[in-house]
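One structure is given here, and the rest of the page talks about it.
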Amino acid sequence: MRRWLALAAGVGICALAPLVLEQYKLYILSLTLVYLILAIGLNLTLGYAGQISLCHAAFMSFGSYAVAVLAPYGVPFEIGLIVGVTLAFGWGLVLGFPALKVKHHYLAMVTLAFNIIAFLVIRNWESLTGGSYGISNIARPAWGRLSFQSDRAYYFYILGWTAVVVASAYWILTSRWGRAFRAIRENEMRAAVVGVSLRNYKLMAFAIGAAYAGVGGALFAPLVAYIDPGAFTLDRSIQFLMMVVMGGLGRFEGPFIGAAVVTILPEALRGSEGLYLIIYSLAVILMMLFMPKGLVGIWDGAVGWLGGGKEVPSTS
Amino acid sequence: MTDVVQLFVAGVSIGAIYAMAAIGFVLLWQTSNTINFAQGEFVVVPAFAMVLFFVVWKLPFAAAFLATVLVSTVLLGLVVKEALVNRLLKMGVLPLVIATIGLSLLIRYSLQQFWTPLALPFPAVFSREPIRLGTIILSWEELMNVLFAGVVIGLLHLFITRTKLGWAMQAVAQNRNLASVLGIRVSRLVTMTFMLNAALTAVAAVLIAPIYLVKYDIGVAIGLKAFYAAIIGGFNQIRGALLGGLLVGVVETFSAAYISSHFRDAFALVILIAVLLLKPEGLWGEKEEWA
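Just so you know, the protein sequences line up as chains A and B, in that order. Positions 1437 to 1752 (this note's numbering) are the ones given, in order, by the first sequence. Positions 1491 to 1781 (this note's numbering) are the ones given, in order, by the second sequence.
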């Protein structure tokens, strides 16, 4: 019940926000939604299935470049998005393969290497991606007469996709799949013994996370209207990782909190200039030390307090 | 032919430095399951310390060098272990990964913010006078780097294979619980490994500073190369990290010279991915059991 209330409140705020927010703040809010989609994907891969990915920015780039490259040929945005998501999903499967054979730290390395290679390819494949000059004037979607050109309209367009992603992620996690992912995370050997097909689920956890990143990337490109290789670096992937960890790994609420904090915090700390990254990294270290479950811990406390101090059952 | 020999020596020279960082990285993994994402910054901090002691305060080289190793060992070895690792060690691999990523960002941007965003030049430690062997021209710097790194790695090897503490380290690496049952103080050994790693990175820093210049963000490249080296060679073997470091150095030098400096890092990555796909335990590593 409480969850539905929170959901209704969230949807209400998101729907009404554009009426009161000025242009720049609306942009920040749109960006938060895009990051939320990416964080949900990563939370699925890392939080639920326990497989680290340091190449979410690379998966994201498939979506962004698919949309940006195809748009000038008159290809509708949605087709570009599907192409990008398919590419991300496919590469997710390919990268997921080593995950079948090797342990944790190797996967960190494979994905890290993949992000660097993807960056190098984007920067050097000038005929397709425009190299370091990037691609500008990326068109926003339009359905016949209905155009999502204005910032406000495009915000609602992103909001629509966010709803699709949140709903599908919720469906995946409450289905057989979600239970299998968690079983793998808790104890691989035990999961295998009780008949969870490690091979398929591990691959799928990785590929679905990648596909969500593709969706986020596709929405990102028209939002900022200009993309270049610098938007898809390893640092960006690490930022997504921090986002998910900050929010709370393996918790459905985690990515919401993480995406909001990581997008809004730099805006709040804008006055402090270069200090932002120092404060941020310090916060990450302190949080690992004293609040390893993420900010969702505070959220639990607040909800518990509102609900008369009852313990909130964990979804993980 | 002369080109090939010269490039090879240059590659081995830089590779020997990568190898030192990689060996420290592997030691940390073995004794404490720490994947140190701040390994690159562990080279940058002593490099800045060396600039402070040697260039700014103008201490004699040997004194500055010793002070740098000391600072690094205390700060990056003892303090990091006691303040950060102790608490996180029991929580598994991931929290430590995230914490070391945080630590690397903290070090990098603190140096940029509070010291300088510019590259600091660093005087050559060894003479850059050329040595001519027939048509082949080498530099003292390259040869001394190899020699210096070789001596340090050799001493480390003797320490691990010939002393009681070294044996204890090997025991902890093989089975931490069993080692502690046998009366080895595991926590203290892990501290020692962190200090050993910090000393190694300090030596690497002093050797690499004249080549890379000293800048707040060079740790990113150095850290990545240490990773590549450790994985290519084998994550659980010192000899593997040594081999991997040399390989990364040589491949990088050759591909920058003959193919394209744009893709200078890409070839090491291609080898890395091939190794991960075909022989995930590394070229010279041993298979790890399921944990």
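Where a beta carbon is used, it is the ideal one built from N, C-alpha and C, also for glycine. None of these values were measured; they are calculated from a predicted model.
Close Cβ partners of residue i (< 7 Å) along its chain, the five nearest in sequence each way excluded
| i | result |
| --- | --- |
| CYS1414 (chain A) | The structure shown has nothing for residue 1414 (chain A), since chain A only spans 1437 to 1752. |
| THR1521 (chain B) | MET1659, VAL1662, ALA1663, LEU1679, VAL1680, THR1683 |
| MET1727 (chain A) | GLY1733 |
| LYS1715 (chain B) | TYR1508, VAL1738 |
| ASP1587 (chain A) | GLN1459, LEU1462, TYR1463 |
| ASN1560 (chain A) | GLY1567 |
| ARG1666 (chain B) | VAL1676 |
| VAL1583 (chain B) | ASN1523, ILE1525 |
| THR1481 (chain A) | GLN1487, SER1489, ALA1641, PHE1642, GLY1645 |
| PRO1607 (chain B) | TYR1706 |
| LEU1733 (chain B) | GLY1723, LEU1773, TRP1774 |
| ILE1620 (chain A) | ALA1485, GLY1486, ALA1627, VAL1632, LEU1634, TYR1637, LYS1638 |
Neighbourhood of residue i by C-beta, 6 Å cutoff - its chain only, sequence neighbours within 5 removed
| i | result |
| --- | --- |
| PHE1684 (chain B) | GLY1567, LYS1571 |
| ILE1504 (chain B) | GLY1739 |
| ALA1692 (chain B) | PRO1536, THR1558, VAL1559, SER1562 |
| GLY1694 (chain A) | ALA1475, MET1679, VAL1680, MET1682, GLY1683 |
| GLY1501 (chain B) | GLY1739, VAL1740, THR1743 |
| PRO1454 (chain A) | LEU1462, ARG1588, TYR1591 |
| THR1492 (chain B) | THR1625, ILE1626 |
| ALA1753 (chain A) | Since the first and last residues shown for chain A are 1437 and 1752, residue 1753 (chain A) lies out of range. |
Those residues which DSSP pairs with residue i across a bridge
| i | result |
| --- | --- |
| PRO1620 (chain B) | B:SER1629 |
| ALA1578 (chain A) | A:SER1583 |
| VAL1704 (chain B) | B:LEU1610 |
Assigned secondary structure, residue i (DSSP; H/G/I helix, E/B strand, else coil)
| i | result |
| --- | --- |
| ILE1571 (chain A) | strand |
| ASN1479 (chain A) | helix |
| PHE1498 (chain B) | helix |
| LEU1506 (chain A) | helix |
| GLN1727 (chain B) | coil |
| CYS1450 (chain A) | helix |
| SER1563 (chain A) | helix |
| THR1653 (chain B) | coil |
| TYR1593 (chain A) | helix |
| VAL1642 (chain B) | helix |
| TRP1519 (chain B) | helix |
| LYS1715 (chain B) | helix |
| SER1708 (chain A) | helix |
| ILE1674 (chain B) | coil |
| MET1491 (chain B) | coil |
| SER1466 (chain A) | helix |
| VAL1511 (chain A) | coil |
| ALA1485 (chain A) | coil |
| MET1685 (chain B) | helix |
| ASN1623 (chain A) | coil |
| LYS1729 (chain A) | coil |
| SER1752 (chain A) | Because the pLDDT at SER1752 (chain A) is just 46, under 50, the model does not fix this residue reliably, and the value given afterwards should be weighed accordingly. Looking at SER1752 (chain A) - three-state DSSP - the assignment turns out to be coil, as it is neither helix nor strand. |
| VAL1615 (chain B) | coil |
| GLY1745 (chain A) | Note on GLY1745 (chain A): pLDDT 47, under 50, position unreliable in the model; the coordinate value appears next. Here GLY1745 (chain A) sits in coil by DSSP. |
| THR1524 (chain B) | coil |
| GLY1528 (chain A) | helix |
| LEU1490 (chain A) | coil |
| GLU1742 (chain B) | helix |
| ILE1721 (chain B) | helix |
Any non-hydrogen atom of the ligand NAP within 6 Å of residue i CB
| i | result |
| --- | --- |
| VAL1693 (chain B) | The ligand NAP is not among the ligands present in this structure, which contains no ligands whatsoever. |
Residues near residue i in its chain [Cβ-Cβ closer than 8 Å; skip 5 each side]
| i | result |
| --- | --- |
| GLN1727 (chain B) | VAL1516, GLY1772, TRP1774, GLY1775, GLU1776 |
| GLU1514 (chain A) | PRO1577 |
| LEU1703 (chain B) | ALA1609, LEU1610, PRO1611, PHE1612 |
The stretch 1465-1493 of chain A: which residues have C-beta closer than 9 Å to a C-beta of chain B, in chain order?
With the criterion set as a beta carbon lying under 9 Å from some beta carbon of chain B, the members of the stretch 1465-1493 of chain A are LEU1482, GLY1486, ILE1488, in sequence order.
With a floor of 4 residues, list each alpha helix (DSSP H) that falls wholly inside the stretch 1631-1705 of chain A, ordered by position along the chain.
1634-1660, 1670-1683, 1690-1704
Which residues, in order along the stretch 1626-1659 of chain A, keep a beta-carbon less than 9 Å from a beta-carbon of chain B?
Residues: none.
Write down every uninterrupted run of the alpha helix (DSSP H) in the stretch 1526-1605 of chain B whose length is 4 residues or greater and which is fully enclosed by it, in chain order.
If we require 4 residues or more, the alpha helix (DSSP H) runs fully inside the stretch 1526-1605 of chain B come out as 1529-1540, 1551-1562, 1583-1604.
If you measure beta-carbon to beta-carbon, which residues of the stretch 1561-1581 of chain B are closer than 9 Å to chain A?
ALA1573, LEU1574, ARG1577, LEU1578, MET1581
Selection of the stretch 1723-1736 of chain A by Cβ proximity to chain B, strictly under 9 Å
Within the stretch 1723-1736 of chain A, the qualifying residues are MET1723, MET1724, LEU1725, PHE1726, PRO1728.
Residues within the stretch 1705-1722 of chain B neighbouring chain A, beta-carbon criterion of under 7 Å
PHE1717, ILE1721
Using a Cβ cut-off of 9 Å, which residues of the stretch 1535-1560 of chain B contact any Cβ in chain A, in chain order?
none
For the stretch 1497-1521 of chain A, enumerate the residues whose C-beta is nearer than 9 Å to any C-beta of chain B, in chain order.
none
Which residues of the stretch 1664-1679 of chain B have a Cβ closer than 7 Å to any Cβ of chain A? Give them in chain order.
none
Which residues, in order along the stretch 1674-1703 of chain A, keep a beta-carbon less than 9 Å from a beta-carbon of chain B?
ILE1674, LEU1677, MET1678, VAL1681, LEU1685
Which residues, in order along the stretch 1441-1467 of chain A, keep a beta-carbon less than 7 Å from a beta-carbon of chain B?
none
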